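Below is one structure, written out as structure tokens; comments come after it.
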Amino acid sequence: MTESEKKLVFVSFCIEEYKTLHGMNGRSVADLFEKYGVTDYLLEHYSVLHSFGREAILNDIDHFVNARRNDA
Numbered sequence: 008m009t010e011s012e013k014k015l016v017f018v019s020f021c022i023e024e025y026k027t028l029h030g031m032n033g034r035s036v037a038d039l040f041e042k043y044g045v046t047d048y049l050l051e052h053y054s055v056l057h058s059f060g061r062e063a064i065l066n067d068i069d070h071f072v073n074a075r076r077n078d079a
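Note that our numbering has the sequence shown beginning at 8, numbered continuously upward.
Structure follows, in structure tokens:
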């Protein structure tokens, strides 16, 4: 698997897990990630984030989104 494919799988995992955690549908999560730049953040910091556990990744995403919301 190429590095790009690994990153795509990671972002897909994050979307699915975030969706499940927050009771959202995939489109809503994708829109949220786009609005606040979460996908770019995940791709930029993949080398560190992919080594975290599920809970830590989701907590990090929540903190990132909340920080962006507060800055808006």
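Heads up, the beta-carbon is just placed ideally off N, CA and C, and yes, glycines get one too.
Bear in mind the structure is a predicted one, so any value in this text is a computation, not a measurement.
Q. Among S35, E24, V45, which has the Cα closest to the Cα of V72?
A. V45
Q. Buried or exposed: where does V36 fall if 16 or more other Cβ atoms within 10 Å of its Cβ makes it buried?
A. buried
Q: Please name the residue in R34, G30, L50 whose C-alpha comes closest to that of I64.
A: L50
Q: Since I believe E24 is in contact with R61 (beta carbons under 8 Å), could you give me their beta-carbon distance rounded to a whole number of angstroms?
A: 6 Å
**Q.** CB contact flag (Y53, K14, <8 Å)
**A.** yes
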